[in-house]
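Residue numbers (the numbering used here), protein chains in the order written: chain A, 1 to 190; chain B, 191 to 380. The structure under discussion appears below in the form of structure tokens.
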DNA sequence: GCTTGCTATGCAACGAGTTGCATAGCAGGA
DNA sequence: TCCTGCTATGCAACTCGTTGCATAGCAAGC
């Protein structure tokens with residue numbers, strides 16, 4: 001279970017409300033860990049009860065007040081403990097692969113539009129990542145020729161995770177091209 | 191929810207018992223959809239009640255009897271309906287990425303061994319996939335120069351999914367190399 | 001005879017994730 | 001004035017997934 005830890009990391013990067021966290025889980029964090037607002041609110045409450053995070057009521061103008069959460073010492077300790085915990089299996093849930101193998105018992109050609117849709121979604125996400133990289137990491141230190149800036153762990157680690165997302169999207173697009181070429185070999189009715 | 195559909199696909203490829211399905215979920219199917227035996231038994235029971243699958247008691251010698259499941263017409267129809275259902279979000283759960291971003295607030299260097307362990311696991315899995323490909327798909331039709339064999343949807347779709355696994359593992363290994371190079375820039379205590 | 005290990009099936013309890021719904025403040029436009 | 005839409009938080013019910021445990025047949029080895 002790591003939603004708690006994903007929230008801790010996000011709050012360490014920047015304190016925020018449940019609503020703001022939910023929006024982050026639609027953007028940066030959400031690219032490698034999904035969560036809905038109900039899940040987030042529920043877990044925030046538990047984390048608060050456990051003393052992992054502190055709350056602060058923040059009155060706002062022109063919109064409802066919010067509760068801003070930040071990481072307490074206990075939360076930092078919990079994160080550290082989790083980071084040092086070696087166990088780490090990888091569970092995969094790839095519907096599309098199930099569909100592709102299942103298509104052999106149905107109409108393979110009928111999957112083409114579906115796969116094309118996924119491919120487009122990955123192209124969109126790749127473009128989004130690349131735009132974010134150009135905006136937030138204009139030139140990495142590897143390109144720098146002058147005196148080195150001191151390494152900033154938070155930035156560099158965010159960047160390497162983003163590069164992972166970029167690699168993933170490129171891999172998926174290439175693979176879906178392969179899938180489309182394979183599906184094209186089966187006409188309707190095959 | 192697609193565990194039911196993954197089971198249907200697996201049973202269409204070859205009928206089998208809950209135990210055999212659990213083993214398949216440790217091998218081929220399990221590479222893109224994980225499930226434990228408890229989950230599988232529970233879902234099999236429900237699918238049987240819903241008339242999606244048929245059971246047959248198979249007495250065995252030298253080992254306990256088993257129940258062999260096979261797909262019924264209703265199950266085939268349910269799979270077909272799911273295959274034609276366009277909606278298909280992609281949910282990701284990538285603990286390691288959370289850990290990498292979290293390492294900025296702890297000791298980045300402490301993650302190196304963990305990342306190396308993951309990298310080794312991916313190398314092992316890649317080797318396993320490549321061996322399976324060499325065994326089950328000795329030369330693809332793209333290499334064939336003589337008269338083409340008739341396309342076999344089941345085999346070719348299994349192969350393209352396996353190629354996806356191979357691409358994925360290669361991508362992960364490359365990315366983890368990138369992660370290791372990044373982590374190496376932060377000594378202990380940074 | 002006892003233990004270990006593999007095949008084979010299953011229950012019970014709990015925790016995580018999903019879906020539907022509800023409330024409420026405030027802004028902007030028809 | 002009413003409706004839409006965004007911010008902001010939350011409950012309830014349900015399903016899915018995980019963990020620990022239990023049972024049982026049989027084989028092989030000590």
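Ideal placement from N, C-alpha and C gives every residue a C-beta, glycine not left out. As the structure is a prediction and not an experimental result, all values here were calculated from the model.
>> Can you tell me where the alpha helix (DSSP H) holding residue 67 of chain A begins and where it ends?
In response: In the first chain, the residue the question calls residue 67 of chain A occupies position 67. Premise fails: residue 67 of chain A lies in the beta strand (DSSP E), 66 to 71, not in any alpha helix (DSSP H).
> Closest Cβ-Cβ distance between residue 270 of chain B and chain A: below 8 Å?
Replying inline: Position 80 of the second chain, counting from 1, holds the residue named residue 270 of chain B. Yes, contact with chain A.
> Do you know whose CA, among A/174, A/99 and A/184, lies nearest residue 341 of chain B's CA?
Replying inline: The residue labelled residue 341 of chain B in the question sits at position 151 within the second chain. Closest option to residue 341 of chain B, Cα to Cα, is A/184.
> Under 8 Å between C-beta atoms, does residue 226 of chain B make it to chain A?
Replying inline: Counting from 1 along the second chain, the entry for residue 226 of chain B is found at position 36. No, no contact with chain A.
>> Below 7 Å on C-beta distance, what does residue 216 of chain A contact in chain B?
In response: Lying outside 1 to 190, the shown extent of chain A, residue 216 of chain A is not represented and no answer is given.
> Under three-state DSSP, which class holds residue 123 of chain A?
Replying inline: Counting from 1 along the first chain, the entry for residue 123 of chain A is found at position 123. If DSSP states are grouped into helix, strand and coil, residue 123 of chain A belongs with the helices.
> Taking any Cβ of chain A, which residues in the stretch 204 to 217 of chain B have a Cβ under 8 Å from it, in chain order?
Replying inline: none
>> Between A/169, A/113, A/129 and A/94, which has its C-alpha nearest residue 122 of chain A's C-alpha?
In response: As a working note, residue 122 of chain A is residue 122 in the first chain. Looking at the Cα atoms, A/169 is the closest of the given residues.
> Comparing the C-beta of residue 354 of chain B with each C-beta of chain A, is any distance below 8 Å?
Replying inline: Indexing the second chain from 1 puts residue 354 of chain B at position 164. For residue 354 of chain B, the answer is yes, since a Cβ of chain A falls inside 8 Å of its Cβ.
>> Does the CB of residue 304 of chain B have a neighbour CB from chain A at under 8 Å?
In response: Taking the second chain and counting its residues from 1, the one referred to as residue 304 of chain B is at position 114. Taking 8 Å as the CB threshold, residue 304 of chain B lines the interface with chain A.
> Which chain B residues sit within Cβ distance under 7 Å of residue 186 of chain A?
Replying inline: In the first chain, counting from the first residue as 1, residue 186 of chain A sits at position 186. Simply 341 and 343.
> Excluding five sequence neighbours on each side, which residues of the same chain lie with their C-beta closer than 8 Å to the C-beta of residue 234 of chain B?
Replying inline: Your numbering for residue 234 of chain B matches position 44 in the second chain. In chain order, 197, 208, 211, 243 and 259 place their CB closer than 8 Å to the CB of residue 234 of chain B, counting only its own chain and leaving out the 5 sequence neighbours on each side.
>> At 4 residues or longer, what runs of the alpha helix (DSSP H) sit wholly inside the stretch 14 to 81 of chain A?
In response: The qualifying runs are 18 to 24 and 37 to 49.
>> Along the chain, where does the alpha helix (DSSP H) containing residue 301 of chain B start, and where does it finish?
In response: The residue you call residue 301 of chain B lines up with position 111 of the second chain. Neither: residue 301 of chain B is in no alpha helix (DSSP H) and is coded neither H nor E.
>> Quick check on this structure: which residue in A/114, A/159 and A/85 has the alpha carbon closest to the alpha carbon of residue 133 of chain A?
In response: Within the first chain, numbered from 1, the residue matching residue 133 of chain A stands at position 133. Selected option, being the one with the closest Cα: A/159.
> Can residue 278 of chain B and residue 95 of chain A be called in contact, C-beta distance under 8 Å?
Replying inline: By 1-based counting over the second chain, the position of residue 278 of chain B is 88. By 1-based counting over the first chain, the position of residue 95 of chain A is 95. In contact: residue 278 of chain B and residue 95 of chain A (Cβ atoms closer than 8 Å).
> Under three-state DSSP, which class holds residue 283 of chain B?
Replying inline: Along the second chain, one-based indexing puts residue 283 of chain B at 93. Strand at residue 283 of chain B.
>> For residue 353 of chain B and residue 347 of chain B, I'd like the C-alpha separation in whole angstroms.
In response: Residue mapping note: residue 353 of chain B aligns to position 163 of the second chain, counting from 1. Residue mapping note: residue 347 of chain B aligns to position 157 of the second chain, counting from 1. In a straight line, the C-alpha of residue 353 of chain B is about 10 Å away from that of residue 347 of chain B.
>> Among the candidates A/59, A/64 and A/110, whose CA atom is the shortest distance from the CA of residue 273 of chain B?
In response: Within the second chain, residue 273 of chain B is the residue found at index 83, counting from 1. Out of A/59, A/64 and A/110, A/110 has the C-alpha closest to the C-alpha of residue 273 of chain B.
>> For a contact defined as C-beta to C-beta under 7 Å, what are the partners of residue 361 of chain B on chain A?
In response: Mapped onto the second chain, residue 361 of chain B falls at position 171. Within chain A, the residues near residue 361 of chain B are 167, 168 and 171.
> Any Cβ of chain A within less than 8 Å of the Cβ of residue 221 of chain B?
Replying inline: Position 31 of the second chain, counted from the first residue, corresponds to residue 221 of chain B. For residue 221 of chain B, the nearest CB of chain A lies under 8 Å from its own CB, placing it at the interface with that chain.
>> I want to verify the contact list: residues of chain A whose CB lies under 9 Å from the CB of residue 327 of chain B, in sequence order.
In response: By 1-based counting over the second chain, the position of residue 327 of chain B is 137. Simply none; closest approach about 12 Å.
> Would DSSP call residue 186 of chain A helix, strand or coil?
Replying inline: Residue mapping note: residue 186 of chain A aligns to position 186 of the first chain, counting from 1. Three-state result, residue 186 of chain A: coil.
> Who are the Cβ neighbours of residue 173 of chain A in its own chain at under 8 Å, not counting the five residues just before and after it?
Replying inline: Here residue 173 of chain A is taken as the residue at index 173 of the first chain, counted from 1. Here the set comprises 119, 122, 123 and 126.
> Candidates B/370, B/199, B/344 and B/367: which alpha carbon is nearest residue 267 of chain B's?
Replying inline: Position 77 of the second chain, counted from the start, is the residue given in the question as residue 267 of chain B. Ranking B/370, B/199, B/344 and B/367 by Cα distance to residue 267 of chain B puts B/199 first.
> What's the gap between the Cα of residue 46 of chain A and the Cα of residue 129 of chain A?
Replying inline: Within the first chain, residue 46 of chain A is the residue found at index 46, counting from 1. Within the first chain, residue 129 of chain A is the residue found at index 129, counting from 1. Residue 46 of chain A and residue 129 of chain A: Cα-Cα distance of roughly 33 Å.
> Interface residues of chain B around residue 52 of chain A at Cβ under 7 Å?
Replying inline: Here the question's residue 52 of chain A lines up with position 52 in the first chain. Ordered by position in chain B, no residue passes the 7 Å Cβ test against residue 52 of chain A, which lies about 14 Å from the chain.
>> Rounded to whole angstroms, what is the Cα-Cα separation between residue 91 of chain A and residue 281 of chain B?
In response: Working through the first chain from its first residue, we reach residue 91 of chain A at position 91. Working through the second chain from its first residue, we reach residue 281 of chain B at position 91. Spanning the two alpha carbons is a distance of roughly 12 Å.
> For a contact meaning CB atoms closer than 7 Å, what does residue 57 of chain A contact in chain B?
Replying inline: The residue given as residue 57 of chain A occupies position 57 in the first chain. Result: empty, since nearest Cβ-Cβ is about 25 Å, beyond 7 Å.
>> Any beta carbon from chain A within less than 8 Å of residue 283 of chain B's own beta carbon?
In response: The residue given as residue 283 of chain B occupies position 93 in the second chain. Yes, because at least one Cβ of chain A sits closer than 8 Å to the Cβ of residue 283 of chain B.
>> Is it buried or exposed, residue 204 of chain B, if we count other Cβ atoms within 10 angstroms and call 16 or more buried?
In response: Residue numbering aside, residue 204 of chain B sits at position 14 when the second chain is read from its first letter. Residue 204 of chain B is exposed by the Cβ-count criterion.
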